[in-house]
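Below you'll find the structure, written out as structure tokens, and then a few comments.
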Ligand code: HEM
Ligand SMILES: [Cu+2]
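Protein chains in written order, with the working numbering: chain G, 779 to 1331; chain S, 675 to 871.
Here it is, written out as structure tokens:
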């Protein structure tokens, strides 16, 4: 081949294959194994957090139920939110998908610091244990946001400390992962893989990594502040000694707004991979999608106080944060526009990954629209702390992040395991989940607008019918995940072998065998152009399907 | 040089791996900066919210000791710089001497800070007021960084004596130097915010 004169990276060798069980499956350095560890661990936490949600829904089946005491109900939503954000959402979209796919898509054999990667993963179970252990002492009751003074008032014992410690640990893990991924993307792209030839999932992961690095460091500091306030009485947030509860809201949301983009950008990346594959045409507006991710990343640091419109901001602050929040809808809209244009009049193949993407597009768009409604200061004064907000967060976090996660799982499952999932079960899973997701969360918009507050264990009987309906729908919604679990089991036992490229996609991970061999690539691939030019020859050289375990320099 | 140390990795490989580590270390420093930024924001926010600053009955921190301490710390930045110059030109004794000086100056800074905490601020406590909260949290966090820096320097000095680093291959020293200068720069901000502003 005429391209052999390209300089290959000197360190393209990596750690040798592990020889013991422990090194292979427990303290593994391999990004692909670590990804699966993330999936399994975060999946377990998803089950816990989901059960907490269903417990709440059981309590809310009637206006005055006594299934849970008020205190336990408070603990349930606090831990449900905490776990869904930090132990489920963020670890899956960054640790799991980022690890599984990003290094392969840039043609690397691993991340820059495999050892740090292992450390990041092992912090997840530690954090989970700390957070859930707080239940033993009566978990925190002030929600996933733990606003003082409430979070400092209750007879808490050790629980707030445990909560702070757990979230701190997962925050450090997320910071390290961000740093690791960013160095990987900057330094370890295969020859010829320029920034504008990177797959869009890599763009999304890169911006997410930047956000994890900056914003999450801030979270660690904020949590340290809450911890020393709680344990040593250092009066950052204690208003009786000159502290300011609103200060906590500032430092918390300075992290947690970027965090919602940490949760959604990788899902955007997944969508951008799935759509061109199943429509078989180049993605419309590659650069628009890539740069809008970067724009979202930067803007996301300038909108945090839209969560605090009712906390006594100055008028100019309200105006500033309202306008910037609305501006952030523009790059997001650009993405939606590009995706829809790619789909428009395409030969769409409606397999389960694309179904989940279509589900994502519809529900996330609705969540985005209610987001803009909440960004409007006068409207937010009415909607704040009502079920309208609960509906909004679930449309973006469930309808966005979780649907994106399932799209990615159905798409990359064959790559990860080497076996296909059952398409018919996939469709059942999608339709049940999609329908009952909407039946669960859509009615909450009206309940909220009619005045039902969030975070309440009992409510006005006028909402009884709506809530009963919502609860029953939510049981079916949760049950629909069982279909996926069965599908995964079935695939492991009877699934047909996938082969390297079952969907006919064009990014680098599909150029190698499934499951991916230890060194990913036998030879370091050489990239000749962008990944989405359907109809043209594949843009790679130096690719070999050979499974040889010795990497060639 | 490389052959003399019989390293298993080639020069190109060492250069590439330390390139990765250097970028990673810079990213770490950036996120560390964010942590200081968070507490500085908190300090300014609380200060802005307070009717009187420092609050009644609280002394302003003592400028002169802090000024002397600043000179000590900036001096240590200079000695660190000369130490690295020594390493770059393969003058080992220069490296060792100046690194020792840096360690001594860093420890003097910590001593000064300990004296300030114990003798000069009798009415300011960590848990007492928002002033004490921000002052001790930020300067304490910085002091902790200096402490870690001193340990870091001792470790790389011992490693140098054992021959770990050479004129071409000394990523660990580069990291320690960067860290030390970073801690210096943070001190500039804190000195201004607490002793002058
Ligand atoms: C079966 C699916 C789910 C159900 C039935 C459900 C139900 C609930 C309920 C009942 C609440 C408490 C509302 C309140 O009283 O204020 C809640 C809050 C919340 N949920 Fe979910 N949820 C589900 C999935 C998710 C997912 C997938 C995420 C994120 C990835 C999520 C994130 C949150 C957050 C952040 C809160 C706010 C907690 C707080 O108020 O502190 N939920 N959810
Ligand atoms: Cu926000």
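Glycine is no exception: its CB is placed at the ideal position from the N, C-alpha and C atoms.
*Interface residues of chain C facing residue 1029 of chain G [CB-CB closer than 8 Å]*: Checking the listed chains, one finds no chain C in this structure; the protein chains it contains are G and S.
*Quick one: what's got a C-beta closer than 7 Å to residue 1121 of chain G's C-beta in the same chain, skipping five residues either side?*
In the first chain, residue 1121 of chain G corresponds to position 343, counting from 1. Answer for residue 1121 of chain G: 1053, 1057, listed in chain order.
*Taking three-plus beta-carbon pairs below 8 Å as touching, is the region 1028-1042 of chain G in contact with the region 815-822 of chain S?*
Contact between the region 1028-1042 of chain G and the region 815-822 of chain S is absent, with fewer than three C-beta pairs closer than 8 Å.
_Can you check which of these residues, G:1194, G:1102, G:1285, is closest to residue 1336 of chain G by C-alpha distance?_
With chain G covering 779 to 1331 only, the question about residue 1336 of chain G has no answer from this structure.
_Would you say the beta carbon of residue 1081 of chain G is closer than 7 Å to some non-hydrogen atom of ligand 2?_
For this step, residue 1081 of chain G is matched to residue 303 along the first chain. Residue 1081 of chain G: yes, Cβ under 7 Å from ligand 2.
*Compute the Euclidean distance between the alpha carbons of residue 844 of chain G and residue 1250 of chain G, then round it to the nearest angstrom.*
Locating residue 844 of chain G in the first chain gives position 66, where the first residue counts as 1. Locating residue 1250 of chain G in the first chain gives position 472, where the first residue counts as 1. Looking at the two C-alpha atoms, the distance is approximately 18 Å.
_I'd like the ranges of any beta strand (DSSP E) spanning at least 3 consecutive residues and lying wholly in the region 936-999 of chain G._
none
*Where residue 1268 of chain G and residue 1186 of chain G are concerned, what is the direct C-alpha to C-alpha distance, given to the nearest angstrom?*
Here residue 1268 of chain G refers to the residue found at position 490 of the first chain. Here residue 1186 of chain G refers to the residue found at position 408 of the first chain. Cα-Cα distance, rounded: 19 Å.
_Please return the same chain residues whose Cβ sits closer than 6 Å to the Cβ of residue 785 of chain G, not counting the five positions on each side in sequence._
Reading the first chain from its first residue, position 7 is the one you call residue 785 of chain G. In this prediction, residue 785 of chain G has a pLDDT of 45, which is less than 50 and means its spatial position is unreliable; nothing more can be read from the coordinates.
*Report the residue from G:817, G:945, G:1168 whose alpha carbon sits nearest the alpha carbon of residue 1220 of chain G.*
In the first chain, the residue the question calls residue 1220 of chain G occupies position 442. Out of G:817, G:945, G:1168, G:1168 has the C-alpha closest to the C-alpha of residue 1220 of chain G.
*asked:* Just to confirm before moving on: does the CB-CB distance between residue 732 of chain S and residue 792 of chain S stay below 8 Å?
replied: Here the question's residue 732 of chain S lines up with position 58 in the second chain. Here the question's residue 792 of chain S lines up with position 118 in the second chain. Not a contact, by the Cβ cut-off of 8 Å.
*Return the residues of the region 776-796 of chain S that lie within a Cβ-Cβ distance of less than 7 Å from chain G, sorted by chain order.*
none
*Could you check the C-alpha separation between residue 1139 of chain G and residue 695 of chain S for me, to the nearest Å?*
Against the first chain, residue 1139 of chain G aligns to sequence position 361. Against the second chain, residue 695 of chain S aligns to sequence position 21. Rounded to the nearest whole angstrom, the CA to CA distance from residue 1139 of chain G to residue 695 of chain S is 39 Å.
*Check residue 1305 of chain G in the structure and name its three-state DSSP category.*
Counting from 1 along the first chain, the entry for residue 1305 of chain G is found at position 527. Residue 1305 of chain G: strand per DSSP, three-state reduction.
*asked:* Strictly by DSSP, which residues pair up with residue 1164 of chain G?
replied: In the first chain, counting from the first residue as 1, residue 1164 of chain G sits at position 386. For residue 1164 of chain G, the pairing in a beta bridge is given by DSSP as G:1231.
_I'd like to check one pair, residue 1001 of chain G with residue 949 of chain G: are the Cβ atoms closer than 8 Å?_
Residue 949 of chain G sits at position 171 when you count from the first residue of the first chain. Residue 1001 of chain G sits at position 223 when you count from the first residue of the first chain. Yes, the Cβ-Cβ distance between residue 949 of chain G and residue 1001 of chain G is below 8 Å.
*Could you spell out the range, first to last residue, of the alpha helix (DSSP H) harbouring residue 840 of chain S?*
Looking up residue 840 of chain S in the second chain gives position 166. Careful: residue 840 of chain S lies outside any alpha helix (DSSP H) and carries neither H nor E.
*Go ahead and pull the three-state DSSP assignment for residue 1131 of chain G.*
Locating residue 1131 of chain G in the first chain gives position 353, where the first residue counts as 1. Looking at residue 1131 of chain G - three-state DSSP - the assignment turns out to be helix.
*Residues in the region 683-701 of chain S having any Cβ partner in chain G nearer than 7 Å*: 684, 686, 687, 690, 691, 693, 694, 697, 698, 701
_For a cutoff of 8 Å on Cβ pairs, would you count residue 964 of chain G as touching chain S?_
For this step, residue 964 of chain G is matched to residue 186 along the first chain. Yes, residue 964 of chain G counts as interfacial toward chain S.
*From the beta carbon of residue 804 of chain S, is the nearest beta carbon of chain G less than 8 Å away?*
The residue you call residue 804 of chain S lines up with position 130 of the second chain. Closer than 8 Å to some Cβ of chain G, the Cβ of residue 804 of chain S qualifies, so yes.
*When you compare each of G:879, G:1086, G:958 to residue 697 of chain S by their alpha carbons, which one comes out closest?*
In the second chain, counting from the first residue as 1, residue 697 of chain S sits at position 23. Looking at the Cα atoms, G:958 is the closest of the given residues.
*Identify the contact partners of residue 800 of chain S in chain G, using a Cβ-Cβ distance below 9 Å as the criterion.*
Position 126 of the second chain holds residue 800 of chain S. By Cβ distance, chain G contributes 1006, 1010, 1011, 1012.
*With DSSP as the reference, label residue 1058 of chain G as helix, strand or coil.*
Residue mapping note: residue 1058 of chain G aligns to position 280 of the first chain, counting from 1. Residue 1058 of chain G falls in the coil class under three-state DSSP.
*asked:* For residue 856 of chain S and residue 838 of chain S, what's the separation of their Cα atoms in angstroms?
replied: Mapped onto the second chain, residue 856 of chain S falls at position 182. Mapped onto the second chain, residue 838 of chain S falls at position 164. So the two alpha carbons sit approximately 24 Å from each other.
*Figure out for me which residue from G:871, G:1322, G:1265 has the closest Cα to the Cα of residue 1287 of chain G.*
Counting from 1 along the first chain, the entry for residue 1287 of chain G is found at position 509. Nearest C-alpha to residue 1287 of chain G: G:1322.
*Examine the Cβ distances between the region 903-912 of chain G and the region 815-834 of chain G and report whether three or more of them are shorter than 8 Å.*
yes
*Test: residue 746 of chain S CB closer than 8 Å to a CB of chain G*: Counting from one through the second chain, the residue named residue 746 of chain S turns up at place 72. It does not: the Cβ of residue 746 of chain S has no partner Cβ on chain G nearer than 8 Å.
_Among G:1068, G:1092, G:1135, whose alpha-carbon lies nearest the alpha-carbon of residue 1112 of chain G?_
In the first chain, the residue the question calls residue 1112 of chain G occupies position 334. Closest option to residue 1112 of chain G, Cα to Cα, is G:1068.
_Within a Cβ cutoff of 6 Å, which residues of the same chain sit near residue 753 of chain S, ignoring the five residues on either side of it in sequence?_
Sequence index remark: in the second chain, residue 753 of chain S carries index 79 (1-based). Hits under 6 Å: 772, 775, 776.
*Does ligand 1 have even one heavy atom less than 7 Å from the beta-carbon of residue 858 of chain G?*
As a position in the first chain, residue 858 of chain G is number 80, starting the count at 1. Checking the Cβ of residue 858 of chain G against ligand 1 gives yes.
*Tell me the start and end of each unbroken alpha helix (DSSP H) in the region 1256-1313 of chain G that is at least 4 residues and wholly inside, in chain order.*
Within the region 1256-1313 of chain G, complete alpha helix (DSSP H) segments of at least 4 residues are not found at all.
*Using DSSP with H/G/I as helix, E/B as strand and the rest coil, what is residue 1197 of chain G?*
Residue numbering aside, residue 1197 of chain G sits at position 419 when the first chain is read from its first letter. It is a strand residue.
*Are the beta-carbon atoms belonging to residue 1163 of chain G and residue 1231 of chain G less than 8 Å from one another?*
Translated into positions along the first chain, residue 1163 of chain G becomes position 385. Translated into positions along the first chain, residue 1231 of chain G becomes position 453. Result yes, Cβ atoms of residue 1163 of chain G and residue 1231 of chain G sit closer than 8 Å.
*If we call anything under 8 Å between Cβ atoms a contact, is residue 1072 of chain G one with residue 1179 of chain G?*
Taking the first residue of the first chain as position 1, residue 1072 of chain G is located at position 294. Taking the first residue of the first chain as position 1, residue 1179 of chain G is located at position 401. No. Outside cutoff.
*asked:* What does the Cβ neighbour count give for residue 1093 of chain G, buried or exposed, with the cut at 16 atoms within 10 Å?
replied: For the purposes of this step, residue 1093 of chain G is taken as the residue at position 315 of the first chain. Per the 10 Å Cβ criterion, exposed.
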